[in-house]
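S.K.: Residue numbers (my numbering): 1 to 206. The structure's right below; bear with me while I get my questions together.
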């Protein structure tokens with residue numbers, strides 16, 4: 001009986017530690033959400049053609065986003081610029097589709113979206129709510145493509161380049177280290193994902 005209680009206590013202690021660690025990552029995720037705008041491009045469907053169209057539209061959008069980014073010093077300025085250029089982004093995407101003989105429309109918006117934990121080349125981002133430039137092609141029922149529109153982190157970068165870009169964007173040293181520490185973030189970001197699922201379950205049960 002005492003042995004059983006010891007196991008139960010150990011399990012409870014483990015859950016508490018996991019929750020505390022997850023909360024620490026949650027605080028870092030909120031810090032990230034205040035300093036970046038994600039990019040979310042959603043294909044019409046999972047067909048080979050629609051997925052190829054998605055990547056072509058992505059490339060056109062990224063060219064414009066890069067131009068806009070040169071005009072913005074803060075995430076707030078970038079959000080305002082993107083919102084004022086939504087018709088231009090839609091037109092650029094649709095021009096690409098017309099050249100590829102596709103009649104699908106493109107819808108662009110700046111909105112808050114939930115993103116799962118995502119690995120990129122040289123860094124990872126924890127799950128959570130982020131402001132995002134959302135590009136939806138046609139029915140928007142296909143696999144999507146995620147990246148970071150601001151600061152410019154959509155291109156593969158070395159560790160030094162990422163650290164420099166993160167510093168310019170206002171990331172703290174500890175936050176930059178966390179994002180690049182692939183030996184540790186897998187466990188800690190998993191905890192954040194678990195917390196998010198638990199919170200959704202609790203909210204749904206109310």
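Heads up, the beta-carbon is just placed ideally off N, CA and C, and yes, glycines get one too.
Within 10 angstroms of its Cβ, does residue 58 collect 16 or more other Cβ (buried), or is it exposed?
M.R.: Buried is the call here.
S.K.: Who are the near neighbours of residue 45 in its chain, counting only those whose CB is closer than 6 angstroms to its CB and skipping five residues on each side?
M.R.: Cβ neighbours of residue 45 beyond the five flanking positions: 141 and 142.
S.K.: Output yes or no for whether 9 angstroms exceeds the beta carbon distance between residue 106 and residue 136.
M.R.: Yes, they are a contact pair.
S.K.: Below 8 angstroms on the Cβ atoms is my contact criterion, and I expect residue 125 with residue 149 to pass it. Report the Cβ-Cβ distance as a whole number of Å.
M.R.: That pair is no contact at about 13 angstroms.
S.K.: Kindly indicate which residue of 90, 64 and 68 has the alpha-carbon position closest to the one of residue 104.
M.R.: The residue with the shortest Cα to Cα distance from residue 104 is 90.
S.K.: I'd like the span of the alpha helix (DSSP H) that includes residue 112, first residue to last.
M.R.: It is not in any alpha helix (DSSP H) - residue 112 instead sits in the beta strand (DSSP E) that spans 106–115.
S.K.: What distance in whole Å lies between the Cβ atoms of residue 129 and residue 69, which are believed to be in contact at a cut-off of 8 angstroms?
M.R.: The pair is not a contact, with the Cβ atoms about 22 angstroms apart (cut-off 8 angstroms).
S.K.: Mind checking residue 117: buried by the 16 CB within 10 Å criterion, or exposed?
M.R.: Classification of residue 117: buried, given that the 10 Å Cβ count is 16 or more.
S.K.: Please classify residue 69: does DSSP put it in a helix, a strand, or coil?
M.R.: Three-state result, residue 69: helix.
S.K.: Which class does residue 131 belong to by DSSP, given the choice of helix, strand or coil?
M.R.: In this structure, residue 131 counts as strand in the three-state DSSP scheme.
S.K.: May I have a chain-ordered list of the alpha helix (DSSP H) segments no shorter than 4 residues that lie completely inside the region 28–82?
M.R.: Runs found: 48–69.
S.K.: By Cβ distance below 7 angstroms, which residues in the same chain neighbour residue 54 in space, the five residues on each side in sequence not counted?
M.R.: Result list for residue 54: 41, 43, 137, 142 and 145, in chain order.
S.K.: Within 10 Å of its beta-carbon, does residue 50 have 16 or more other beta-carbons around it, so buried, or fewer, so exposed?
M.R.: Burial call: buried.
S.K.: In three-state DSSP terms, what is residue 125?
M.R.: Three-state result, residue 125: strand.
S.K.: Between residue 33 and residue 131, how many whole angstroms is the CB-CB distance? I'm expecting something under 8 angstroms.
M.R.: That belief holds up - the Cβ atoms of residue 33 and residue 131 are roughly 7 angstroms apart, short of 8 angstroms.
S.K.: Between which two residues does the beta strand (DSSP E) holding residue 144 run?
M.R.: Segment 144–150, the beta strand (DSSP E) holding residue 144.
S.K.: Can you pull the DSSP bridge partners for residue 136?
M.R.: DSSP, once it has assigned bridges, lists 42 and 107 as partnering residue 136.
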